[in-house]
Structure formats: structure tokens, C-alpha cells
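Taken in order, these protein sequences are the chains called A and B.
Residue numbering for the first sequence follows this note's numbering, beginning at 150 and increasing consecutively.
Residue numbering for the second sequence follows this note's numbering, beginning at 184 and increasing consecutively.
C-beta: ideal position from N, C-alpha, C; glycine also.
Only one structure is covered here, and it is reproduced in the block below.
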Amino acid sequence: MTVSLVVVSHSEKIADGAAELAAQMAPDVQVLTAGGTTDGRIGTSLEKVLAALDKAGSGGTVILADLGSAVMTAESALEFAENPEEIVLADAPLVEGLVAAAVAAQGGADMQAVKRAAESVGGPARHPDDFPPGIVGEGPATGKGPDFTGDFELVNQAGMHARPAAKIAGGLSALDAEVTVNGVDGASMTGLMTLAAGKGSVLHVEAWGADAERAVNYVGGLVQAGFGEP
Amino acid sequence: MGRAGAHGRAPLGRVAVALDVTWAVKWLTLSAQAMAEHRVELIELDRAIGDSDHGENMDRGFQAVLDKLAEAPPQTPGAALKLTAMTLMSKVGGAAGPLYGTAFLRAATSLGDTAEIDPAAWAGALAAARDGIVARGKAESGDKTMVDAWTPAVEAARKAALDGNGDVLAVLVAAAEAAEAGAVATDPMVARKGRASYLGERSAGHRDPGAASSALILRAAVGAAA
């Protein structure tokens with residue numbers, strides 16, 4: 150059972166739009182909305198938030214809220230909820246956080262991992278240039294060289310953008326492997342997007358762990374197929 | 184010297200009030216009346232330093248509370264406050280919804296199944312409500328928010344509960360008066376929380392609408408017992 154997401158926004162249109170965007174990246178993830186007041190005004194409603202939490206599946210729920218009273222209403226909902234241990238509130242920008250959370254949930258991440266995925270978008274962007282020389286390519290924790298590597302040239306017109314990044318990150322987060330792509334975390338959609346890699350750029354993939362080979366092949370397969378794009 | 188009151192507790196001519204569920208429902212009803220009566224005034228205060236929806240939101244929220252109380256009459260003061268919390272959080276819309284909702288919810292939790300509130304319990308419920316507002320809104324005293332009405336009210340209620348010889352009305356009055364003074368004291372403050380904080384220095388010279396509505400609600404608690 151994948152983690153469910155609840156979007157709490159002052160505006161029904163924002164909540165619905167953000168959910169629509171996330172669904173495009175993560176078609177199997179339940180994204181529920183609690184936007185606006187019960188009588189269709191700008192504002193937030195505990196009733197709507199609780200109703201959304203009620204509909205959420207049993208795999209844990211991560212809430213994303215836009216600002217001010219939306220955060221307060223979401224926190225209040227946790228006080229009223231019958232299963233507060235199965236719900237967490239992510240401190241993340243609504244749209245970016247929701248998309249990152251949806252991609253992580255699509256990849257099978259658990260509730261805390263989905264929350265972390267959402268919150269990681271608020272942090273500093275990780276770009277290969279941000280890594281001091283000699284660190285890039287070293288294993289995440291092991292210090293030894295990667296178990297598998299691969300180099301793949303981007304062939305699709307648009308190169309690395311949101312949808313390919315979501316596909317790579319979503320698939321990798323379900324594998325038992327630590328993967329870097331040009332030095333950034335391969336399971337981080339926003340990390341991949343910061344690469345700003347256009348058509349013709351080469352992605353250098355390094356992978357550690359039990360599924361390392363599968364991970365490299367997965368990325369290679371997607372890149373060589375142009376992510377199904379022209 | 185005046186004549187001794189019944190049981191030597193309250194002066195004659197003032198019926199010793201019981202803060203039971205009947206009082207609680209009357210309190211909430213008078214609060215709703217106060218929000219309706221002061222709707223325009225609260226809107227004006229909020230127009231000066233906020234988004235001018237406070238009077239509208241509070242009036243709508245408390246009217247919904249009245250409907251809920253009529254639909255499912257509560258059995259204890261705590262149950263009445265919990266119903267109020269739920270309704271305000273669902274119907275107010277703005278930040279006042281979760282703030283007042285949390286206040287009433289924490290007060291309800293503090294009271295538990297108590298059938299009749301004594302002075303210490305009222306002081307405790309006010310403290311729980313204030314702590315809930317602080318936890319939810321992350322505001323401190325002096326930030327020009329409803330906390331500036333609630334904190335003096337809590338302190339005054341505690342003191343009156345200790346000094347008051349069991350006179351519950353005195354505790355209600357002390358809290359209401361302190362909240363009113365606290366609301367007035369927000370006039371010169373510069374807002375550091377909420378929408379008004381965007382105005383910076385320009386927020387000085389206007390009363391905080393949340394502090395004003397808080398004082399009205401605590402005054403209604405006196406009216407319900409008088």
C-alpha cells in the first residue's frame with residue numbers, strides 16, 4: 150500500500166491543480182485535497198481536512214499545506230485524528246514538496262521517507278559543482294568504488310526535465326541501491342533536475358548495493374529510450 | 184454591613200452561579216450574540232491591519248456553533264467546548280479558526296467530564312486554552328495578537344481563584360477585565376505575527392482584532408453567569 154498524500158490549501162483551485170500535477174508524475178499515488186472552505190471561499194476547513202484523512206489508505210499519510218492557517222488547520226487535524234501516528238505533516242513548499250512526495254510514494258517509499266522527500270526540496274540545490282573535488286564519485290558512505298557504473302547520453306529533445314527526473318527518481322527509490330547521477334542523489338527528483346542536462350549530455354551513473362546492477366540498467370534503459378519522448 | 188449571602192459565599196442579591204453545561208451553552212450563545220453585535224467593529228479593526236475578514240468569520244463561525252448546539256445538545260461543559268472547537272475550525276476559515284478551535288479544544292480536554300467548573304478548573308481551562316493558542320500560532324506576549332488578551336486573563340483568573348474564597352463569578356470577572364485591558368494594550372504595539380506583521384510599524388495605533396474578539400468572548404462568560 151503506497152503512502153497517501155493530502156493537500157491543504159487556502160484555495161480549492163490550488164489544491165486541485167497541485168494534485169493534478171502530482172498525479173501526472175505519480176499515477177498510482179492517492180492524492181486527496183482539502184482546499185478552501187466548505188462554502189467555497191478562500192480559507193481552510195478542519196472538516197475538509199478530516200474528510201480527506203478519512204479517505205486516505207492505510208499505508209500512512211503525508212500532509213502538505215500552503216501557508217498560515219492551512220498549516221494550523223493541518224496541525225489541528227492531527228489533534229482530532231483517530232490514528233495520529235499514521236499521519237505526518239511535511240514542512241515543505243506546497244507544489245515542489247507535493248511533487249517530490251508523490252514521486253517518492255510512487256516508488257514505494259514509506260511515510261517518513263516521503264516526508265523527507267518533500268522536505269528535501271526546501272534545502273540547497275545539490276549540483277556537481279557543489280561537491281569538492283575528489284568527493285564526487287566516492288560512495289555515499291562506504292568510501293569504496295561503486296559496484297556498477299554506466300554512462301548514457303541523453304537522446305530526447307528536452308533532455309532532463311521534470312518528467313524524466315520523476316521517472317528516474319521514482320524507480321530508483323524502490324530499489325535497494327544507493328545511486329548517484331553526475332554526483333547527485335538519483336532518488337531525488339529535484340536533485341536530478343538541478344543537473345540541467347540537455348540533449349547530448351552524458352549521465353554518469355554510479356550504484357552501490359544489492360540492486361546496483363538493476364539500478365544502472367534501469368537508468369540506462371530509460372535514457373536510451375528517450376524516456377518515451379521525441 | 185451587608186447581609187451574609189447563602190452559605191456565606193456569595194453576597195445576597197446575586198444567585199450563586201454554577202458553571203455547568205447550562206452556563207456553558209449560555210456563554211457560547213452570548214459569545215455568538217457578541218460576535219454578531221461587534222461584527223462591523225471587528226471588520227473595521229481587521230481592515231486597518233489585516234484582511235478585514237475577522238468579524239465576518241467569527242460571526243459565521245459562532246452562528247454555526249449555535250446550530251450545532253441545537254442539533255446535539257451537549258451533556259457537560261467540556262462537551263460543549265469540544266463541539267465549539269470542531270465547528271470553529273471547520274467554519275471560520277481564517278487563522279482564527281484553528282486558533283480559537285485549539286483554545287476551546289484544549290479547554291475542553293482540561294475540563295474533562297467535569298459537570299460543574301470550580302474557580303481552579305476555570306483558571307486551568309483558560310491556561311490550557313492560552314497554551315493551545317501559543318502552540319498553534321507560535322506567538323508570544325507583545326506580538327500584538329490574541330495572546331496579549333489571553334495571558335493577562337489567565338494570570339488574573341489564577342490569582343482570583345487563589346484569593347477568591349471559592350467565588351467563581353469573581354474569577355470570571357477578573358479574567359474578562361484583564362482580557363479587555365490586554366486588548367486595549369495592543370493598540371500601540373507593532374505586530375510581529377500574522378497578516379498584520381507585514382505592515383510593520385504601520386500596525387501601531389490599531390487594536391488587534393483577535394485580542395478584541397477574545398475579550399468579548401471572556402466578557403460573555405461573565406454575562407452567562409450573571
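- About 23 Å separates the CB atoms of W305/B and V367/B; that is not less than 8 Å, and the two are not in contact.
- When rounded, the separation of the alpha-carbon atoms in E355/A and T369/B is 60 Å.
- The residues A262, V263, A266 and S322, in chain order, have a CB closer than 7 Å to that of A253/A in the same chain once the five nearest residues on each side in sequence are set aside.
- Between K342/B and the set R375/B, I316/B and A303/B, the nearest pair of CA atoms involves A303/B.
- Taking all protein chains in view, the Cβ of M218/B is crowded by 16 or more other Cβ atoms within 10 Å, so the residue is classified as buried.
- Of all residues in the stretch 205-236 of chain A, those with a C-beta nearer than 8 Å to a C-beta of chain B are G217, S218, M221, T222, E224, S225, E228 and F229, reading in chain order.
- Per DSSP, reduced to three states, the secondary structure at S214/B is helical.
- Using a Cβ distance threshold of 8 Å, L247/A and L213/A count as a contacting pair.
- Here L345/B is exposed, its C-beta having fewer than 16 other C-beta atoms within 10 Å.
- Going by C-alpha positions, A407/B is about 12 Å away from A215/B.
- Ranked by Cα distance from I226/B, the options G238/B, G233/B, E220/B and I232/B are led by G238/B.
- Rounded to whole angstroms, E363/B and T205/B show a C-alpha spacing of 25 Å.
- Counting along the chain, no beta strand (DSSP E) covers I300/B, and no H or E run does either.
- Close to L202/A, with beta-carbon spacing below 8 Å, lies no residue of chain B; the smallest spacing is near 13 Å.
- Annotation for A263/B: the continuous alpha helix (DSSP H) segment containing it runs P260 to K274.
- DSSP places E235/A in no beta strand (DSSP E); its state is neither H nor E.
- In terms of Cβ geometry, A263/B and V330/B do not form a close pair [threshold 8 Å].
- If you draw a straight line from the Cα of S350/A to the Cα of M150/A, it comes to about 37 Å.
- Nearest CB-CB separation between G276/B and chain A: below the 8 Å threshold.
- Comparing alpha-carbon positions, the option among D301/B, P256/B and S324/B lying closest to V351/B turns out to be D301/B.
- With respect to the 8 Å criterion, H159/A and D215/A are classified as neighbours on the basis of their beta carbons.
- Secondary structure of E323/B (DSSP, three-state): coil.
- In this structure, D296/A and L324/A do not form a Cβ contact; the two beta carbons are roughly 12 Å apart against a cut-off of 8 Å.
- Taking the CA atoms as reference points, G257/A sits about 33 Å from S273/B.
- The DSSP-derived three-state label of L303/A is coil.
- The C-alpha of R402/B lies about 20 Å from the C-alpha of K327/B.
- Interface with chain B (8 Å Cβ-Cβ cutoff): T186/A is included.
- Remark: C-beta atoms of L202/A and I163/A do not approach each other more closely than 8 Å.
- H237/B sits in a helix when the DSSP states are folded into three classes.
- Counting other Cβ atoms within 10 Å of its Cβ, Y283/B reaches 16 or more and is therefore classed as buried.
- Using a Cβ-Cβ cut-off of 8 Å, E161/A does not count as an interface residue toward chain B, since no Cβ of chain B sits closer than that to its own.
- Chain B has no Cβ within less than 8 Å of the Cβ of G189/A.
- Contact note: L195/A reaches chain B through M269, M272, S273, G280, P281 and G284, using a C-beta cutoff of 8 Å and chain order.
- Contacts with chain B at 8 Å (Cβ-Cβ) do not include G246/A.
- S396/B places its beta carbon less than 8 Å from that of M241/B.
- Listed along the chain, the chain A residues whose CB falls inside 8 Å of the CB of R319/B are M221, E224 and S225.
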